[in-house]
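Residue 1 is where the sequence shown starts when you use full-length UniProt numbering, and the numbers rise one by one after that. Scroll down for the structure; my scribbles are underneath it.
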Amino acid sequence: MTTLIAFESSADETSVAVVKDGKKVLSNAVATQINSHQRFGGIVPEVASRHHLEWITKTLDIALADANVTPGDLDGVAVTYGPGLVGSLLVGLMGAKTFAMAHDLPLIPVNHLAGHIAAANFNRPIEYPALALMVSGGHTELVLMEKENSFQILGETYDDAAGESYDKVGRLMKLNYPAGKAIDELAQKGQVTINFPQAMAHEAGYDFSFSGLKSAVINQVHNAEQRGEEIDQADLAASFQAAVIKALVDRTRRALTDFPVKSLVLAGGVAANSGLRLALTDLIEEFPETTFIPVPKQYTGDNAAMIGAAGYFNYKDKVFAGLDLNTHPGLDFPLYEEEK
Ligand code: KG4
Ligand code: ZN
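Shown next as structure tokens:
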């Protein structure tokens, strides 16, 4: 039995969690600071770091109390060291290092993206080989995993990430940042009335592009304004969402066809999207050998429990770091080459 404490502070959530054997969440304290950033329409890095500083010890206390554990019950300290905002990452990393040093526990470096994917284990164990559709505010990737802790990017976005396109379209629709959830809810009340073009639909491979779609939505809205027409917001949301989902599902189908896998994981903040979850549930019917494992909705956004889940694989692989571990703001896959 392995119990890890995990720290996550890569963007605008300060979180500390205690996770057993990579799959059982004993506690998951999350402090969100979204209210402080909303009026700026995005995360302000300097403001984010200050919030993390204020919350890191509080979330640590809550995580230990909720899990009803003492440092003596723990086997290691997992921490996100990238990708993310450098000032934000530093706070969680310092917290984790201090805790590890004070209690003589090993420090386990975790890639935030691997964390998002590992959160699928809170639904059911990922079986390998597996494919992950990783969709967040900063990333859109199809990742092939031959085995635990092995990651190969098959495709990624050329420009905007899926979540980023939701947030940009949300700004145009005068919705609060981040707008993914609000657009998703609106979309369910609307009809697909506009057929937005799909970028790169006829190109081979598994890559994505969302900036053209965003421009098409902007044009649609501006043209309507010039004609003095009003576009139904719910229909606009439904049409935009349908185009995003189609692009994601098409590439995922392609990857599943070319790389037969046992599990399809859906992870990242956009994995909370109800339309996307439904569309992939339908898609998986075409692949009877593959099980669809979406991350449970409560763990799709940034949280430390997912870092505890990914940290467990590293603990088993003996991927540890010294107290000189630095942040890695641009980290992507493959993982941990420096550490191994
Ligand atoms: O993974 P995450 O919490 O942070 C990053 O690591 O980026 O993802 C945040 C992104 C935001 O762009 C947000 O608008 C989007 O996830 N999001 C959604 C939904 N809920 C959150 N996008 C579409 N539908 C949703 N229901
Ligand atoms: Zn994230």
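Backbone N, C-alpha and C define an ideal beta-carbon position, used for all residues, glycine too.
Asked, Found
"Beta bridge counterpart(s) of L142 as assigned by DSSP", "L133, G155"
"Nearest-angstrom Cβ-Cβ length linking L186 and A132, presumed shorter than 8 Å", "Not quite, the Cβ-Cβ distance comes to about 28 Å (not below 8 Å), so this is no contact."
"Any 3 or more C-beta pairs closer than 8 Å across the stretch 277-293 and the stretch 151-165", "no"
"heavy atom of the ligand ZN below 7 Å from G212 C-beta", "no"
"Bounding residues of the beta strand (DSSP E) (the contiguous stretch that carries L264)", "263-267"
"Whole runs of the beta strand (DSSP E) within the stretch 32-116, excluding any shorter than 3 residues", "76-82, 107-111"
"Between the CA atoms of D207 and M134 - distance to the nearest angstrom", "12 Å"
"DSSP bridge partner residues for I5 (one or two, in chain order)", "V18, V77"
"A243 versus V86 - alpha carbon distance", "33 Å"
"Integer-rounded CB distance, given that V110 should sit under 8 Å from V79", "6 Å"
"Closest Cα partner of L74 within the set E146, L175, L26", "L26"
"Where the alpha helix (DSSP H) through T257 begins and ends", "233-258"
"Terminal residues of the alpha helix (DSSP H) in which T281 lies", "274-283"
"Bridge-paired residues (DSSP) for N28", "A17"
"Proximity to E203 [Cα-Cα], best of D232, Q33, G155, Y299", "G155"
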